[in-house]
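Participant:
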Amino acid sequence: MKILFLTHAFNSLSQRLYVELVGRGHEVSVEFDINDQVSTEAVALFAPDLVIAPFLKRAIPEAIWRRHCCMVVHPGIPGDRGPSALDWAILGRETHWGVTVLQANAEMDGGDIWAAAEFPMREATKASLYRHEVTEAAVAAVREAVERFAGGAWRPQPSASYPARRLGDWRPLMRQADRRIDWQRDSTADVLRKIRSADGAPGLLDHLFGRDCYLYDAHPAPGLRGAPGAVLARSGPALCRATVDGAVWIGHLRDKAHAHPFKLPATLLLHEELASLPEIALDTADGYREIRYEAIGGVGYLHFQFYNGAMSSEQCERLLRAYRAACRSDCHVLVLAGGSDYWSNGMHLNIIEAADSPSDASWRNINAIDDLAEAIITNERQLTVAALRGNAGAGGVFLARAADQVWARRGVVLNPHYKDMGNLYGSEYWSYLLPRYAGEDNARRISQARLPMGVDEARELGLVDEILDADVRRFDAEVRAHAEGLALPDRFGPLRAEKIARRRRDETEKPLRLYRAQELERMRVNFYGFDSSYHVARYNFVYKVPKSRTPLTIAAHRRRGNARSMHE
Ligand code: COA
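Taking my numbering, I'd label the letters of the sequence shown as residues 114 to 681.
1. Measuring alpha carbon to alpha carbon, tell me which residue in 640, 653, 126, 250 is nearest residue 474.
2. Please look up how many angstroms separate the CB atoms of residue 396 and residue 404, rounded, as I've assumed it's under 8 Å.
3. CA-CA distance, residue 702 and residue 268?
4. Run the CB neighbour count on residue 358, radius 10 Å, all protein chains shown included, and call it buried at 16 or more, exposed below.
5. Tell me the DSSP secondary structure of residue 466 in three-state form.
6. Indicate whether the contact test is met: 3 or more Cβ pairs, each with one atom in the region 590-606 and one in the region 156-174, closer than 8 Å.
7. Three-state secondary structure (DSSP) at residue 676?
8. What are the boundary residues of the alpha helix (DSSP H) that includes residue 243?
9. What residue does the alpha helix (DSSP H) around residue 150 start on, and which one ends it?
10. How far does the alpha helix (DSSP H) with residue 380 in it extend, from its first residue to its last?
11. Can you tell me whether residue 354 is buried or exposed? The criterion is at least 16 other CB atoms within 10 Å of its CB, across all chains shown.
12. Just confirm the distance between the C-beta atoms of residue 412 and residue 597, as a whole number of angstroms; I'd bet it's less than 8 Å.
13. Would you mind stating whether residue 155 and residue 670 have Cβ atoms separated by less than 8 Å?
14. Consult DSSP for residue 681 and reduce its assignment to one of helix, strand or coil.
15. Taking the alpha helix (DSSP H) that residue 653 belongs to, which residues open and close that run?
16. Applying the 10 Å Cβ sphere with the 16-neighbour rule, what's the burial state of residue 514?
17. Can you give me the Cβ contacts of residue 343 inside the same chain, cut-off strictly under 8 Å, excluding the 5 residues immediately before and after it?
18. Are the region 613-625 and the region 521-534 touching, with three or more C-beta to C-beta distances below 8 Å?
19. My output table needs one value for residue 301: the three-state DSSP class, helix, strand or coil.
20. Please give me, in chain order, every unbroken run of the beta strand (DSSP E) with length at least 3 that falls completely inside the region 525-593.
21. May I have a chain-ordered list of the alpha helix (DSSP H) segments no shorter than 4 residues that lie completely inside the region 612-649?
22. Take residue 501 and list the residues in its own chain whose beta-carbon comes closer than 6 Å to its own, dropping the five residues that flank it on each side.
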């Protein structure tokens, strides 16, 4: 079928549905919902059999839904309606939630239902639930809805026929007042729930040191107590604030009045205000934790829970120290477990944007990632596995490929390209790793593409070695079973010997340092050269400048020569 995605952005859910539907043989094209005219034009150009709205912030124009079957993916259970479905579900302590695929009509989220899927809620941020549970449920429901539509006989059901808990309720956009924290009354659990209901967007608006700041990235701070509302301590990027029955770490803030109104580590944004507070060591049981190492059954696991998968110079340097320490252990296998939502999205573009010299900050960041990649590639004592529970993008994908094996959870989406970031050349030894693991032809295909990639394609191309069919709850156990198998002497021994021999051969052919030098030569031009595309693209990304048109890479209907678009 020809399926048109009408979407506010090509976000993680749209990317995953795109990968799934293309994988099932459908022809999928994407149009950003910029205005009615653009959307109507896209429908006319593509003439789709079906329109799907995976992530829409406003109603589909009547001229479209009257003539075409349009399915809206709503992140709520049947009967739930409104633009803040997940926010209300988290704040309302729902134990189960779901995704409903509705037929678009005149009533927002009120159309008949094509399919629905449920999931148990987890104590996590809205963004984390969206990237895991909502996405999996949406894939199941959209798959079912598309099959029903293709079958021709099935008719969508009125929502009244579903055993809904909140039938017909329209719940408005959640306002800051609906989740405002009362530091004199709210418990730690209340504070965490409120912040998580607004994390990633819009963030929970609060006051800190006389400034209006949005709070993100909140975690319990066990053992710390103080006067409710008082800021007690700092640890790495985070500040600690007391509640009535404990305290919370807050890792990231956004200050809308500040020169850099985007998310930054709290201690970077409030550097002066927090300087005199007691400091609790980062990555310790008492402090804020990003990097954690554990050894179980002869396998070492390095967890790096970096907010949004972004890796600053300092985070890469710390991770490198942790990796080197793990290398000195007697574990045969080291698993780079990443974080719960992302494995890695490469350089930390927000911190780079906020730096006095973004060029210098980019240079330091790419070198810090390269140092880490180099340590992984040249480790002769252990086998390293990159275990991708969450997605990876740009340099994060190539950093994963630096490991001897890459295992990915089914459902993970990779974006193994830098081109959308102002045609960055990229580093992380990709020019060595891609031909080495994917072969020359696939390396070319990967480095020239700009599309998201599912794990089946990634395995075919050599970016992933193994796909683990486990949902996010069972993924760790599955990784552990596989890793312990790999650590057994009869598997570990020959694989390690083979790896050492291969690396030495490769080094003789072309030293690793040459790959790095050649990549960095190009990156230096990206960072310091006359062409400012990277700086412009980074600015647009960090400031979330809305796209004024859909990139042709995904808008297949606009690539055809037969249509003159209004953009041209
Ligand atoms: N640095 C800083 N923040 C980053 C980031 C990075 N490298 N990558 C992602 N983020 C942030 C986004 O700004 C967004 O922030 P929000 O919570 O304020 O909304 C959040 O992570 C999720 O990203 P989003 O783009 O909405 O997720 P996605 O799943 O739709 O797309 C990517 C994933 C990887 C395709 C996309 O985030 C991306 O292109 N990132 C930049 C990768 C890059 O170019 N890195 C530098 C070169 S190595």
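Ideal placement from N, C-alpha and C gives every residue a C-beta, glycine not left out.
Facilitator: Taking the definition as stated:
1. Taking the sequence shown and counting its residues from 1, one reaches residue 474 at position 361. If we check each option's Cα against that of residue 474, 640 comes out closest.
2. As a first step, residue 396 is located in the sequence shown; it is residue number 283 there, counting from the start. As a first step, residue 404 is located in the sequence shown; it is residue number 291 there, counting from the start. With a Cβ gap of about 5 Å, residue 396 and residue 404 count as contacting.
3. Past the edges of the chain, shown from 114 to 681, lies residue 702, and the structure says nothing about it.
4. The residue given as residue 358 occupies position 245 in the sequence shown. The residue in question, residue 358, is exposed, as its Cβ has fewer than 16 Cβ neighbours within 10 Å.
5. Stepping through the sequence shown from its first residue, residue 466 is reached at position 353. Three-state DSSP puts residue 466 in a helix.
6. no
7. Counting from one through the sequence shown, the residue named residue 676 turns up at place 563. Unreliable positioning characterises residue 676 in this predicted model, as indicated by a pLDDT of 49, which lies under 50. The coordinate reading is nonetheless provided below. Residue 676 falls in the coil class under three-state DSSP.
8. Indexing the sequence shown from 1 puts residue 243 at position 130. Bounds of any alpha helix (DSSP H) do not take in residue 243, whose DSSP letter is neither H nor E.
9. Reading the sequence shown from its first residue, position 37 is the one you call residue 150. Unbroken alpha helix (DSSP H) run through residue 150: 149-159.
10. As a first step, residue 380 must be located in the sequence shown, where it is residue number 267. Here the alpha helix (DSSP H) through residue 380 covers 379-382.
11. For the purposes of this step, residue 354 is taken as residue 241 along the sequence shown, with counting starting at 1. By the neighbour-count rule (16 or more Cβ atoms within 10 Å), residue 354 is buried.
12. Working through the sequence shown from its first residue, we reach residue 412 at position 299. Working through the sequence shown from its first residue, we reach residue 597 at position 484. At roughly 6 Å, the Cβ-Cβ gap stays under 8 Å, so residue 412 and residue 597 are in contact.
13. What you label residue 155 is simply residue 42 of the sequence shown in a count that begins at 1. What you label residue 670 is simply residue 557 of the sequence shown in a count that begins at 1. Yes, the pair counts as a contact, with Cβ atoms nearer than the cut-off.
14. Within the sequence shown, the letter at position 568 stands for residue 681. With a pLDDT of 37 at residue 681, under the threshold of 50, the modelled position of that residue is not reliable, and no figure is offered here.
15. As a first step, residue 653 is located in the sequence shown; it is residue number 540 there, counting from the start. The continuous alpha helix (DSSP H) containing residue 653 extends over residues 646-655.
16. The count along the sequence shown starts at 1 and reaches residue 514 at position 401. The residue is buried, with at least 16 neighbouring Cβ atoms inside 10 Å.
17. Within the sequence shown, the letter at position 230 stands for residue 343. The residues are 354, 355.
18. Taking 8 Å as the limit for Cβ pairs, the verdict is that the region 521-534 does not touch the region 613-625.
19. Within the sequence shown, numbered from 1, the residue matching residue 301 stands at position 188. Helix, per DSSP.
20. 579-581
21. Fully enclosed alpha helix (DSSP H) runs of 4 or longer: 625-641.
22. Here residue 501 corresponds to residue number 388 of the sequence shown, with the count starting at 1. The answer, listed in chain order, is 456, 521, 525.
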